[in-house]
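For reference, the structure is listed below as structure tokens.
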Amino acid sequence: MTQHNVCIIGDGAIGSLFAAFASANDVMVYRGMREHKTGVKSVTLFDGKQTSRYAEDISPIGTPLTYDLVVFPLKVYQLEAALLQWQAVIGDSPILLLQNGMGGEEIARKVLPLQRIYQATTSHGALKTDHESVRHTGMGNTLAGRSLSTPADLATDDKIRTIVETAFPPVTWCEDIYLSLWQKLSVNLAINPLTAIHDIRNGQILAPRYTSVLDALSHEIAEVMQACGLNESAETILARIKTVAQATADNFSSMHQDIAHQRQTEIDAITGYLLSKAASERIAVPTNARLYQQINQLSV
């Protein structure tokens with residue numbers, strides 16, 4: 001069996017978890033780190049097992065190797081700078097954008113016009129307990145696929161799928177990753193801003209006081225998705241939001257945690273993305289616009 005070489009940029013919680021799982025399944029993992037920065041040294045998996053020394057650190061100015069995949073598990077607003085910084089290391093390798101927000105493909109394509117780009121989003125939970133340690137907080141599933149702007153290549157597609165399956169199973173490989181990411185976005189558009197604004201856990205958005213806002217959000221999201229050529233009804237979107245909120249009822253959303261810890265949020269890659277699409281289609285989305293403004297006010 002061929003051993004794959006994977007480079008993972010940064011040492012965030014999700015990237016470190018990806019690295020630990022991949023390394024445990026005989027993938028040779030390299031971690032792209034800024035020079036003189038001490039990164040995560042151990043990851044505690046959901047079953048209680050702890051891994052350490054699971055990756056070899058490299059720097060942007062190091063001698064570039066040939067990688068089967070370079071993974072960017074970063075916030076969308078961090079992506080352009082990271083792609084530019086690590087261009088020499090990327091070389092001709094395919095890249096995987098592992099993100100929750102939207103707009104990453106457009107950013108990557110601007111920086112790397114000829115690169116093979118793959119995209120993924122995962123519901124695995126990970127938490128950085130200190131600057132050297134990460135804990136796997138919850139099992140999840142992963143959606144992955146080739147970006148719309150990347151032509152099919154069966155051999156490469158199969159290799160990337162295999163790598164992702166070793167790191168974040170179970171994986172649903174999506175022939176239309178654009179639709180899958182929009183469906184994930186439709187959930188994030190409701191859960192993230194509402195939990196952050198009202199300082200609540202995910203499951204609490206199911207309370208009666210949020211019924212009308214969830215209904216309004218679902219109708220606005222459906223109208224924009226339909227204008228983008230995606231056949232999603234408001235009823236389907238609302239049911240998906242409720243299902244995820246119930247399944248993750250005790251969790252705090254990433255945006256809630258960003259606000260709580262005074263970090264920059266991904267509101268521009270979530271609600272901002274919807275507002276941009278709505279504006280280009282001349283669709284009014286007042287509920288989403290209001291939530292966008294409220295999050296930005298909290299972020300000041």
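One point on numbering: in the UniProt record's numbering, the residue at position 107 of the sequence shown is 107, and numbering is uninterrupted. Built from N, CA and C at the ideal position, the CB exists for glycine as well.
### Message
Restricting to Cα atoms, I'd like to know which of M255, I8, K75, Q99 is closest to I58.
### Response
Stepping through the sequence shown from its first residue, residue 58 is reached at position 58. Per the Cα distances, I8.
### Query
If you check the beta carbons only, do N192 and S253 fall under 8 Å apart?
Reading the sequence shown from its first residue, position 192 is the one you call residue 192. Reading the sequence shown from its first residue, position 253 is the one you call residue 253. Yes, the pair counts as a contact, with Cβ atoms nearer than the cut-off.
inquiry  = According to DSSP, is H136 part of a helix, a strand, or is it coil?
reply    = Within the sequence shown, numbered from 1, the residue matching residue 136 stands at position 136. Looking at H136 - three-state DSSP - the assignment turns out to be strand.
Check your understanding: Opposite M225 in the DSSP bridges: which residues?
Key -> Start at 1 with the first residue of the sequence shown, and residue 225 comes out as number 225. Its beta-bridge partners do not exist; DSSP assigns none.
Three-state secondary structure assigned by DSSP to I95: For this step, residue 95 is matched to residue 95 along the sequence shown. Strand at I95.
**Request:** Starting from V71, trace the beta strand (DSSP E) both ways and give me its first and last residue.
**Result:** Here residue 71 refers to the residue found at position 71 when the sequence shown is read from its first residue. Segment 69-72, the beta strand (DSSP E) holding V71.
Over what stretch of residues does the beta strand (DSSP E) that includes N5 continue unbroken?
-> Taking the first residue of the sequence shown as 1, we reach residue 5 at position 5. Note, N5: beta strand (DSSP E), 5-9.
A227 beta carbon less than 8 Å from that of G101 | Along the sequence shown, read from residue 1 onward, the residue named residue 101 stands at position 101. Along the sequence shown, read from residue 1 onward, the residue named residue 227 stands at position 227. Taking 8 Å as the Cβ cut-off, G101 and A227 do not qualify as a contacting pair.
Could you give the distance in angstroms between the alpha-carbon of I160 and the alpha-carbon of F168?
Within the sequence shown, residue 160 is the residue found at index 160, counting from 1. Within the sequence shown, residue 168 is the residue found at index 168, counting from 1. Going by the C-alpha atoms only, they are around 12 Å apart.
Quiz item: Using the rule of at least 16 other Cβ atoms within 10 Å of the residue's Cβ for burial, across every protein chain shown, is E110 buried or exposed?
Solution: Residue 110 sits at position 110 when you count from the first residue of the sequence shown. Sequence inspection shows Lys at residue 110; the Glu mentioned does not correspond to that position. Its Cβ having fewer than 16 others within 10 Å, K110 is exposed.
- Query: Between the region 205-220 and the region 177-184, do at least 3 Cβ pairs fall closer than 8 Å?
  - Reply: Too few Cβ pairs lie closer than 8 Å, so no.
Quiz item: How would you label E266, buried or exposed, when you count the other beta carbons within 10 angstroms and need 16 or more for buried?
Solution: On the sequence shown, position 266 is the one that residue 266 refers to. Per the 10 Å Cβ criterion, buried.
May I ask you to verify whether the region 133-150 touches the region 103-122, counting CB pairs closer than 8 Å and requiring at least 3?
yes
>> Given a cut-off of 8 Å on the beta-carbon distance, is the pair L98 and T137 in contact?
In response: Along the sequence shown, one-based indexing puts residue 98 at 98. Along the sequence shown, one-based indexing puts residue 137 at 137. Not in contact: L98 and T137 (Cβ atoms no closer than 8 Å).
Supposed close pair T142, R135 - CB separation, criterion 8 Å: Indexing the sequence shown from 1 puts residue 142 at position 142. Indexing the sequence shown from 1 puts residue 135 at position 135. That belief does not hold up - the Cβ atoms of T142 and R135 are roughly 19 Å apart, past 8 Å.
Legend entry - Cβ pair V70, V89 closer than 8 Å: Translated into positions along the sequence shown, residue 70 becomes position 70. Translated into positions along the sequence shown, residue 89 becomes position 89. Yes, the pair counts as a contact, with Cβ atoms nearer than the cut-off.
Quiz item: Distance, Cα to Cα, V244 vs N202?
Solution: Walking along the sequence shown from the start, residue 244 turns up at place 244. Walking along the sequence shown from the start, residue 202 turns up at place 202. Straight-line Cα distance between these residues: approximately 8 Å.
Identified DSSP bridge partners for G32
The residue you call residue 32 lines up with position 32 of the sequence shown. Here G32 is bridged, per DSSP, to I9, I58.
Using a threshold of 8 Å, state whether the C-beta atoms of V171 and V224 are closer than that. Within the sequence shown, numbered from 1, the residue matching residue 171 stands at position 171. Within the sequence shown, numbered from 1, the residue matching residue 224 stands at position 224. In this structure, V224 does not lie closer than 8 Å to V171 by Cβ.
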